[in-house]
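The block underneath contains the structure these notes are about, expressed in structure tokens.
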Amino acid sequence: MPAPSSLPEYVYKIVLDDPTPFLPTGLPVSELDKKDGFIHLSTAEQAPVTVRRFYGDATAIYLLQVVYAAVEDKIKWDETSSGTFPHIYDQDLSKSLNAKNVRKVLECRRDEDATWDGIVEKTIALAQ
Numbered sequence: 001m002p003a004p005s006s007l008p009e010y011v012y013k014i015v016l017d018d019p020t021p022f023l024p025t026g027l028p029v030s031e032l033d034k035k036d037g038f039i040h041l042s043t044a045e046q047a048p049v050t051v052r053r054f055y056g057d058a059t060a061i062y063l064l065q066v067v068y069a070a071v072e073d074k075i076k077w078d079e080t081s082s083g084t085f086p087h088i089y090d091q092d093l094s095k096s097l098n099a100k101n102v103r104k105v106l107e108c109r110r111d112e113d114a115t116w117d118g119i120v121e122k123t124i125a126l127a128q
């Protein structure tokens, strides 16, 4: 699938555990990413929907703000039932996301009785 006509400045990897200790060398690859053979990413517009869909029960998540230009050569845009998403394809996925291409780690939290509505959007907007 071809890339969108307007490429994002950043793409986001969503994880449940604090990734900061792993970033100097590389983020551990999730079971889903291992199974699928690529690293799942989202654009700023897609991230809130991804969080609600796959992390709705979590009360804390981390967004790795990845510099698109730093990983562009490894990105393929794949069509899914939910839209066209950026994915990293690489020989060694465990070294694909690290301190060289992750600009920031953004922590998002919600109260137990709250939803994710607006939280992810606000966090991403403040990090630009």
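Using full-length UniProt numbering, you'd call the opening residue of the sequence shown number 1 and step up by one each time.
Glycine included, each C-beta is placed from N, C-alpha and C at the ideal position.
Leaving out five residues before and five after residue i in sequence, what residues of the same chain have Cβ atoms less than 6 Å from its Cβ?
i      : result
Val15  : Tyr62
Ile124 : Ala44
Arg103 : Gln65 and Val67
Ser42  : Tyr12 and Thr50
In the DSSP assignment, find the unbroken beta strand (DSSP E) run with residue i in it and report its ends.
i     : result
Ala47 : No beta strand (DSSP E) contains Ala47, which is instead part of the alpha helix (DSSP H) from Ala47 to Phe54.
Leu64 : Ala60 to Val67
Suppose the cutoff is 8 Å on Cβ atoms and the five residues either side in sequence are ignored; what does the same chain contact list for residue i look like?
i     : result
Tyr55 : Ile14, Leu16, Ile61 and Trp116
Lys95 : Thr25 and Gly26
To which residues of the same chain is residue i closer than 7 Å at the C-beta, ignoring the five residues directly before and after it?
i      : result
Ala3   : Trp77
Ala127 : Gln65, Lys104 and Leu106
Tyr89  : Phe38, Lys74 and Lys76
Asn101 : Val66, Val67, Ala70 and Val71
Gln46  : Gly83 and Phe85
Glu9   : Tyr68
Mind reading off the beta-carbon distance from residue i to residue j? Whole number of angstroms is fine, and I expect it under 8 Å.
i     : j      : result
Leu23 : Ala99  : 5 Å
Val51 : Val105 : Contact doesn't hold; Cβ gap of about 15 Å is too wide.
Leu93 : Asp18  : Actually they do not touch by this definition, with Cβ atoms about 19 Å apart.
Starting from residue i, trace the alpha helix (DSSP H) in both directions and tell me its first and last residue.
i     : result
Leu23 : Careful: Leu23 lies outside any alpha helix (DSSP H) and carries neither H nor E.
Asp17 : Taken as a continuous stretch (DSSP letters only), Asp17 belongs to no alpha helix (DSSP H), as it is neither H nor E.
Asp33 : Glu31 to Asp36
Please confirm whether any heavy atom of the ligand PLP lies closer than 7 Å to the CB of residue i.
i    : result
Ala3 : No copy of the ligand PLP appears in this structure; indeed no ligand is present at all.
> Counting only runs that start and end within the region 72 to 124, where is the beta strand (DSSP E) found for 3 or more residues in a row?
Replying inline: Within the region 72 to 124, complete beta strand (DSSP E) segments of at least 3 residues are found at 75 to 80, 83 to 88 and 102 to 109, given in chain order.
> With a cut-off of 8 Å, do at least 3 Cβ pairs link the region 27 to 35 to the region 68 to 84?
Replying inline: no
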